[in-house]
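Visitor:
Residue numbers (our numbering), protein chains in the order written: chain A, -12 to 267; chain B, -12 to 267.
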């Protein structure tokens, strides 16, 4: 696994770095970012929070705007931010911002023309952690979080792999993609018309059926323009009640879908994950 | 003075807002951003920190990337971020990133074709504060800060108007534009060939000659690619020694010219300003 360093910036005593590598899972060159806290200087292996971004984002949005490095530097947590889809001139795309590049939805596509590259579920669950754990001074303790499409990704990945993640959190997740326009468009394209195959990528369906639990925190802005039509946190809440899932869901008055919301509450997410990451 | 609200985002209990207005000083439509802390909800008039950004920036860079809202919300300080130049199709421009749009250098241009619009010094010192103080629940207590070109702007504006600002701070300022390529290019264009007219816009010259003092804080990254050729903090340090200017200048190992540096140390700048803004 070759990996190329693209940039380094010192940040809160630690280091923000961008890398590119050839992904076997996605059949293309991928970029990701990692924040390494100052703790690595004394030989510590630190746990890792994976952050999955939303539609149209790259590895940069969260690192630029969330203000997470300050708290990660205090708590001794690395943060890895992958891109949101495969990239490259030969990668299938769509004119919409909500399908194709920038919109991988963290699924393994089964349909043409998407299936050759759009295997973001496997990339995030397997290839990227293997690469990160082989390359950087990190432990095998992992948490996962995300925003919007990435909140959907974080919740579904954590619930399908409860042995791999200590905790999961999301801002404004697409909570029930089977029943919203974003989900229906993307899943129809990537997974085909058989809606039975969509269920393993639906956070509310997975939460309703869950028997193994990953502690979960979800924050949602009450003034989010996408709340009613696309995000549907009430489906997640209902599913958690049905299965007894340990979900803390907070609705914050006046906040929208932007990074102004995320930055206001990211500290709580990092402290939530730190509590579980620090358990043996 | 008409002013149009363009956006609102709740942030750390306060509000980030963008506005546009027709500037008489600049003869064009200008956009600026303001962060209003939660304290305004109980009828308080809060003091204002003006933030001047660097080359190529708009009102958005600082608000997106610096992470200042968290501390401003705690301390009860509003932050105003103007654009870095006049804007519009009829505004003179240059192919370079370091002259024309995005590169106003906070001076009053005297030379064609710049002088009709490029009056950023007057805009920041007079028109913008008048508009802000007439529109928002703010007091007439002002501090000023900036980055790179905006650090130059903040230092020169504070030193030429010590009665208007309680304190000044800068990240990585262009400290001696008379003697660096960025300054020589911009001042030749905006101010003409007579270098005597440049001196009133040179922070080191002003600091060396100062008899009235505004407490000043300057932070500089030691791994900043522009340090030696463009920024020259040693000129500012030397000037402060000569006049006895109250300048605290810090050099931070490993940090570069980016917002990763600014976000790492912005808390100290806000607490520095709060100390002076809270004095009667």
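Note that the Cβ used here is the ideal one computed from N, Cα and C, for glycine as well.
Can you tell me which of the three DSSP states residue 137 of chain A falls into?
Guide: Start at 1 with the first residue of the first chain, and residue 137 of chain A comes out as number 150. Residue 137 of chain A: helix per DSSP, three-state reduction.
Visitor: Could you compute how far the alpha carbon of residue 196 of chain B sits from the alpha carbon of residue 227 of chain B?
Guide: Numbered from 1 along the second chain, position 209 holds the residue referred to as residue 196 of chain B. Numbered from 1 along the second chain, position 240 holds the residue referred to as residue 227 of chain B. C-alpha separation (whole angstroms): 9 Å.
Visitor: When the Cα atoms are used, what is the spatial distance from residue 117 of chain A to residue 70 of chain A?
Guide: Here residue 117 of chain A is taken as the residue at index 130 of the first chain, counted from 1. Here residue 70 of chain A is taken as the residue at index 83 of the first chain, counted from 1. Each residue's Cα considered, the two are about 16 Å apart.
Visitor: What are the start and end residues of each continuous beta strand (DSSP E) run of 3 or more residues lying completely inside the region 25 to 88 of chain B, in chain order?
Guide: As far as the region 25 to 88 of chain B is concerned, its whole beta strand (DSSP E) runs of at least 3 residues are 33 to 39, 65 to 69.
Visitor: Roughly how far, in whole angstroms, is the beta-carbon of residue 103 of chain A from the beta-carbon of residue 17 of chain A, given that I think they are within contact range, below 8 Å?
Guide: The residue you call residue 103 of chain A lines up with position 116 of the first chain. The residue you call residue 17 of chain A lines up with position 30 of the first chain. Between residue 17 of chain A and residue 103 of chain A the Cβ distance is about 14 Å, and since that is not below 8 Å, they are no contact.
Visitor: For chain A, is any of its Cβ atoms less than 7 Å away from the one on residue -4 of chain B?
Guide: Within the second chain, the letter at position 9 stands for residue -4 of chain B. True, the Cβ-Cβ gap to chain A drops below 7 Å.
Visitor: What is the C-beta distance between residue 67 of chain A and residue 188 of chain A, in whole angstroms, given that I count them as a contact (C-beta under 8 Å)?
Guide: Position 80 of the first chain holds residue 67 of chain A. Position 201 of the first chain holds residue 188 of chain A. So it is not a contact: roughly 21 Å between Cβ atoms.
Visitor: Between which two residues does the beta strand (DSSP E) containing residue 185 of chain B stretch?
Guide: What you label residue 185 of chain B is simply residue 198 of the second chain in a count that begins at 1. First-last for residue 185 of chain B: undefined, no H or E at that position.
Visitor: Using DSSP's beta-bridge definition, name the partner residues of residue 130 of chain A.
Guide: One-based indexing of the first chain puts residue 130 of chain A at position 143. Note: residue 130 of chain A sits in a beta bridge opposite A:36.
Visitor: Out of B:33, B:203, B:224, point me to the one whose CA is closest to residue 63 of chain B's CA.
Guide: The residue labelled residue 63 of chain B in the question sits at position 76 within the second chain. Ranking B:33, B:203, B:224 by Cα distance to residue 63 of chain B puts B:33 first.
Visitor: Looking at the unbroken beta strand (DSSP E) that takes in residue 7 of chain B, where does it start and where does it end?
Guide: Here residue 7 of chain B refers to the residue found at position 20 when the second chain is read from its first residue. From DSSP, the beta strand (DSSP E) with residue 7 of chain B extends over 1 to 10.
Visitor: Would you give the residue range spanned by the alpha helix (DSSP H) that residue 210 of chain A belongs to?
Guide: Working through the first chain from its first residue, we reach residue 210 of chain A at position 223. Residue 210 of chain A -> no alpha helix (DSSP H), and no H or E assigned at all.
Visitor: If you follow the alpha helix (DSSP H) that residue 219 of chain B is part of, which residue opens it and which one closes it?
Guide: Residue 219 of chain B sits at position 232 when you count from the first residue of the second chain. Per DSSP, residue 219 of chain B belongs to no alpha helix (DSSP H) and is neither H nor E.
Visitor: If I measure Cβ to Cβ from residue 248 of chain B and keep anything under 6 Å in the same chain, skipping five residues before and after, which residues do I get?
Guide: Counted from its first residue, the second chain places residue 248 of chain B at position 261. Once the five neighbours on either side are set aside, the close Cβ partners of residue 248 of chain B are 208, 242.
Visitor: Do you know offhand how far residue 124 of chain A's Cα is from residue 7 of chain A's?
Guide: Position 137 of the first chain, counting from 1, holds the residue named residue 124 of chain A. Position 20 of the first chain, counting from 1, holds the residue named residue 7 of chain A. The alpha-carbon atoms of residue 124 of chain A and residue 7 of chain A are separated by roughly 18 Å.
Visitor: Compare the Cα-Cα distances from residue 0 of chain A to each of A:14, A:210, A:27, A:20 and report the closest residue.
Guide: Working through the first chain from its first residue, we reach residue 0 of chain A at position 13. Checking every option, the nearest Cα to that of residue 0 of chain A belongs to A:27.
Visitor: Which of the three DSSP states, helix, strand or coil, is assigned to residue 145 of chain A?
Guide: In the first chain, residue 145 of chain A corresponds to position 158, counting from 1. Residue state, collapsed to three classes: helix.
Visitor: Does DSSP put residue 245 of chain A in a helix, a strand or coil?
Guide: Position 258 of the first chain, counting from 1, holds the residue named residue 245 of chain A. Here residue 245 of chain A sits in coil by DSSP.
Visitor: Where do the ends of the beta strand (DSSP E) carrying residue -3 of chain B lie?
Guide: Position 10 of the second chain, counting from 1, holds the residue named residue -3 of chain B. From DSSP, the beta strand (DSSP E) with residue -3 of chain B extends over -10 to -2.
Visitor: DSSP three-state label for residue 195 of chain B, please.
Guide: The residue labelled residue 195 of chain B in the question sits at position 208 within the second chain. Note: residue 195 of chain B maps to helix in three-state DSSP.
Visitor: Using 10 angstroms around the beta-carbon of residue 216 of chain A, count the other beta-carbons present and answer buried if the total reaches 16, otherwise exposed.
Guide: Residue mapping note: residue 216 of chain A aligns to position 229 of the first chain, counting from 1. Residue 216 of chain A comes out exposed.
Visitor: Using a Cβ-Cβ cut-off of less than 8 Å, give me the residues of the region 52 to 81 of chain A that come near chain B, in sequence order.
Guide: So the close ones are 52, 54, 56, 57.
Visitor: Any idea if residue -7 of chain B is buried or exposed, counting beta-carbon neighbours within 10 angstroms, 16 or more meaning buried?
Guide: Here residue -7 of chain B refers to the residue found at position 6 when the second chain is read from its first residue. It is exposed - the Cβ of residue -7 of chain B has fewer than 16 other Cβ atoms within 10 Å.
Visitor: Who are the Cβ neighbours of residue 170 of chain B in its own chain at under 7 Å, not counting the five residues just before and after it?
Guide: Taking the first residue of the second chain as position 1, residue 170 of chain B is located at position 183. Cβ neighbours of residue 170 of chain B beyond the five flanking positions: 161, 164.
Visitor: With a threshold of 7 Å between beta carbons, is residue 8 of chain B in contact with chain A?
Guide: In the second chain, the residue the question calls residue 8 of chain B occupies position 21. No, residue 8 of chain B lies away from the interface with chain A (no Cβ there is under 7 Å from its Cβ).
Visitor: Is residue 83 of chain A close to the ligand ZN? I mean its beta-carbon at under 6 Å from any heavy atom of the ligand.
Guide: Summarising the ligand content, the structure contains no ligands, and the ligand ZN is consequently not present.
Visitor: Assuming residue 2 of chain A contacts residue 23 of chain A under a Cβ cut-off of 8 Å, what Cβ separation, rounded to an integer in Å, is found between them?
Guide: Locating residue 2 of chain A in the first chain gives position 15, where the first residue counts as 1. Locating residue 23 of chain A in the first chain gives position 36, where the first residue counts as 1. 5 Å between Cβ atoms; contact.
Visitor: Under 8 Å Cβ-Cβ, which residues of chain A neighbour residue 245 of chain B?
Guide: Residue numbering aside, residue 245 of chain B sits at position 258 when the second chain is read from its first letter. -4, listed in chain order.
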